[in-house]
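Undergrad: My structure is below; once you've seen it, I'll send some questions.
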Amino acid sequence: MNVKVLTRLGLLPRIIIAIALGIGAGMVAPDWLAALCATFNGIFGQFLGFLIPLIIIGFVTPAIGDIGKGAGKMLLTTVALAYSATFLAGAISYFTGAAIFPDIISPEGALATASEAATSVRPWFTVDIPPLMGVMTALVLSFTVGIGIAYTQAGALGKAARQFRDIVDLTIRGVIIPLLPVYIFGIFLAMTMEGQVAAILQTFVKVIAVIFVLHIGILLLQYSIAGAAAKRNPLKMLRTMLPAYMTALGTQSSAATIPVTLKQTIKTGVNESVAGFVIPLCATIHMSGSALKIVACALALMIYQGVPYDAGMFLQLAAMLGIAIVAAPGIPGGAIMASLGILSSILGFSEEMNALMIALYIAMDNFGTACNVTGDCALATLVDRLSLKDLMI
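Numbering of the sequence shown is given in the numbering used here, commencing with residue 912 and proceeding in unit increments.
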């Protein structure tokens, strides 16, 4: 396969190829190749860690600033519903996973030594690239500056925030995404050499199956609530939204699916002006499917690793995800990229754990996007009903 054909492939096919090549190479790799991969992964991991606070600032600050421009009751209602839906999806994902995963995932302990195993193949050299600030500092700074832009209408600062977002976006698209398969290749090569890969892949398959069922359940819950509020058949509403669901599966983009989502949402009976406001906004801030996947994958990997966990830890993660991944769906894998710092700070994830999270997340990215997009109609229905009640008062 030549380079031009490879670059035309989507991120998921490239990740799959990287995993397959990493497993194959790990069975026969000479020491120099392992050392080369370890050197690259060390530098790439440092650069990714350096970027994490910048990703949070670049995404969250302009997103909050832009949301505040049209401040009004409908805006606040939509933001509150979107955040609540994202948090609820994460919470449901945790409690469901906590009930199911211990029975289907054996705590092998292989990942507990993944970092040691990876470093047993010594890199030729290392480069330290410390981040400019911690993850929580970046979140608080983004929130503070974003609210300030929204309330003061600081045009110059708002423009600068959006330009900084574009720079971060360009860095992710031009550097991180193209090199990510090489990083995944190195991780799976090291795990194969240490005899870990078979158990990891078995865990992947089980987790993906559970998450697929979970995201269908989340949609049924969202539409049951919306249908009850609007006195409409939730299954009929879901059937109407199937074109949006299928479009999101194909495009892997909430933004690219907006025209179809808007059209089908209006068909379900939502007021056209309400739909025109809520659907584009929710394409940026409603991330139920993404939060569901991140929480479930993180829990599964912690159970596999044998690391203690509790509900408070994961509820904190779900609460932070609702803020950190705002505006992240504009790029492939953007939500998981913006979440890496939170996974490290709250759950204590290592570079190897984060790499596996990226691979797991991207393997299901289409379904998460479809869940986000399809759920937007349910939120629009609730906003429509709440707006109607205000008009009647």
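Glycine included, each C-beta is placed from N, C-alpha and C at the ideal position.
Computed from a predicted model, the values in this text were never measured in an experiment.
Pick helix, strand or coil for ALA932, following the three-state DSSP scheme.
TA: Contrary to the premise, residue 932 reads as Leu rather than Ala in this sequence. DSSP places LEU932 in helix when its eight states are reduced to three.
Undergrad: Short check: CB of ASP1295 to CB of VAL1185, under 7 angstroms?
TA: In contact: ASP1295 and VAL1185 (Cβ atoms closer than 7 angstroms).
Undergrad: Classify ASN1144: buried if its beta carbon has 16 or more other beta carbons within 10 angstroms, exposed otherwise.
TA: Exposed, since its Cβ has fewer than 16 Cβ neighbours within 10 Å.
Undergrad: Say whether chain D places a C-beta atom closer than 7 angstroms to the C-beta of VAL971.
TA: Judged by its chain identifiers, the structure shown contains no chain D, having just a single protein chain.
Undergrad: Write down every uninterrupted run of the alpha helix (DSSP H) in the region 1148–1177 whose length is 4 residues or greater and which is fully enclosed by it, in chain order.
TA: 1153–1162, all fully within the region 1148–1177.
Undergrad: Only counting the same chain, and skipping five residues up and downstream in sequence, which positions put a Cβ closer than 6 angstroms to that of TYR994?
TA: Counting only Cβ-Cβ distances below 6 angstroms, and skipping sequence neighbours, we find GLY1233.
Undergrad: Determine, using beta carbons only, whether ALA1155 and THR1285 come nearer to each other than 7 angstroms.
TA: Cβ atoms of ALA1155 and THR1285: closer than 7 angstroms.
Undergrad: Classify LYS984: buried if its beta carbon has 16 or more other beta carbons within 10 angstroms, exposed otherwise.
TA: Looking at its Cβ environment, which holds fewer than 16 other Cβ atoms inside 10 Å, LYS984 is exposed.
Undergrad: Within the continuous alpha helix (DSSP H) that includes ASN1265, where are the two ends?
TA: 1262–1274 is the extent of the alpha helix (DSSP H) around ASN1265.
Undergrad: Smallest Cα separation from ARG1073: which of VAL1056, ILE1088, PHE1123, THR1292?
TA: Taking only the C-alpha atoms, the option nearest ARG1073 is VAL1056.
Undergrad: I'd like the list of long-range same chain contacts for GLN1175, defined as Cβ closer than 6 angstroms, with 5 residues on each side in sequence excluded.
TA: Excluding positions up to five away in sequence, the list reads THR1151, MET1152, PRO1154, ALA1155.
Undergrad: Consult DSSP for PHE951 and reduce its assignment to one of helix, strand or coil.
TA: In the structure shown, PHE951 sits in a helix (DSSP, three-state: H, G or I).
Undergrad: Whose CA, out of ALA1281, ILE1253, PHE1260, lies closest to the CA of PRO964?
TA: Looking at the Cα atoms, ILE1253 is the closest of the given residues.
Undergrad: Counting pairs of beta carbons, one from the region 950–963 and one from the region 1193–1208, are three or more of them closer than 8 angstroms?
TA: Touching, no.
Undergrad: How many Å lie between THR1172 and LEU1258 at the Cα?
TA: Spanning the two alpha carbons is a distance of roughly 35 angstroms.
Undergrad: State the DSSP-derived secondary structure class of SER1017, mapped to helix, strand or coil.
TA: SER1017: coil per DSSP, three-state reduction.
Undergrad: Using the beta-carbon count (16 or more within 10 Å), is LYS1204 buried or exposed?
TA: Label assigned to LYS1204: buried.
Undergrad: State the CB to CB distance for the pair SER1004 and VAL1218, rounded to an integer number of angstroms; the pair is presumed to be in contact (CB under 8 angstroms).
TA: Contact doesn't hold; Cβ gap of about 18 angstroms is too wide.
Undergrad: Under a three-way DSSP split, which group does ASP1221 fall into?
TA: Correct three-state label for ASP1221: coil.
Undergrad: Count the other CB atoms within 10 Å of the CB of ALA1222; is the residue buried (16 or more) or exposed (fewer)?
TA: Answer is exposed; the Cβ neighbour count stays below 16.
Undergrad: Hey, could you find the ends of the alpha helix (DSSP H) MET1248 is sitting in?
TA: Note, MET1248: alpha helix (DSSP H), 1245–1258.
Undergrad: Taking Cβ to Cβ, would you say HIS1126 is nearer than 7 angstroms to PHE1225?
TA: Contact flag unset, no.
Undergrad: Less than 8 angstroms between the CB atoms is what I'm expecting for LEU987 and LEU1293, so what's the real figure, rounded?
TA: Contact flag wrong, Cβ pair sits at about 13 angstroms.
Undergrad: Could you tell me the alpha carbon to alpha carbon distance between ALA1159 and ILE1247, rounded to whole angstroms?
TA: Taking the straight line joining both Cα atoms gives about 18 angstroms.
Undergrad: Would you report the Cα separation of PHE1012 and LEU1112, rounded to the nearest angstrom?
TA: Cα to Cα, PHE1012 sits roughly 15 angstroms from LEU1112.
Undergrad: Using 8 angstroms as the threshold, is the region 1090–1107 in touch with the region 1177–1193, meaning 3 or more CB pairs across them?
TA: Judged by Cβ distances under 8 angstroms, the region 1090–1107 makes no contact with the region 1177–1193, as fewer than three pairs qualify.
Undergrad: Where does LYS1117 fall in DSSP's three states?
TA: If DSSP states are grouped into helix, strand and coil, LYS1117 belongs with the helices.
Undergrad: Among ALA946, ALA1101, LEU999, GLY976, which one has its Cα closest to the Cα of GLN1227?
TA: The shortest C-alpha separation from GLN1227 is found at LEU999.
Undergrad: State the Cα-Cα distance for the pair SER1298 and SER1165, rounded to the nearest angstrom.
TA: Cα-Cα distance, rounded: 25 angstroms.
Undergrad: Could you say which of PHE1036, THR1037, SER1053 lies nearest to MET1044 if we only look at CA atoms?
TA: Of the listed residues, the one whose Cα sits closest to MET1044 is SER1053.
Undergrad: CA-CA distance, LEU1022 and TYR1215?
TA: The pLDDT assigned to LEU1022 is 46, lower than 50, so where the model puts this residue is not dependable; a value taken from the coordinates is nonetheless given after this. Answer to the nearest angstrom: the Cα atoms are 7 angstroms apart.
Undergrad: Within 10 Å of its beta-carbon, does TYR1062 have 16 or more other beta-carbons around it, so buried, or fewer, so exposed?
TA: TYR1062 should be labelled exposed.
Undergrad: Taking buried to mean at least 16 other C-beta atoms within 10 Å of its own C-beta, is GLY1066 buried or exposed?
TA: GLY1066 is exposed by the Cβ-count criterion.
Undergrad: Do you know offhand how far ILE954's Cα is from GLU1263's?
TA: Using only the alpha carbons, I get a separation of about 13 angstroms.
Undergrad: Considering only the beta carbon of each residue, do ILE1016 and ALA1274 sit closer than 7 angstroms?
TA: Taking 7 angstroms as the Cβ cut-off, ILE1016 and ALA1274 do not qualify as a contacting pair.
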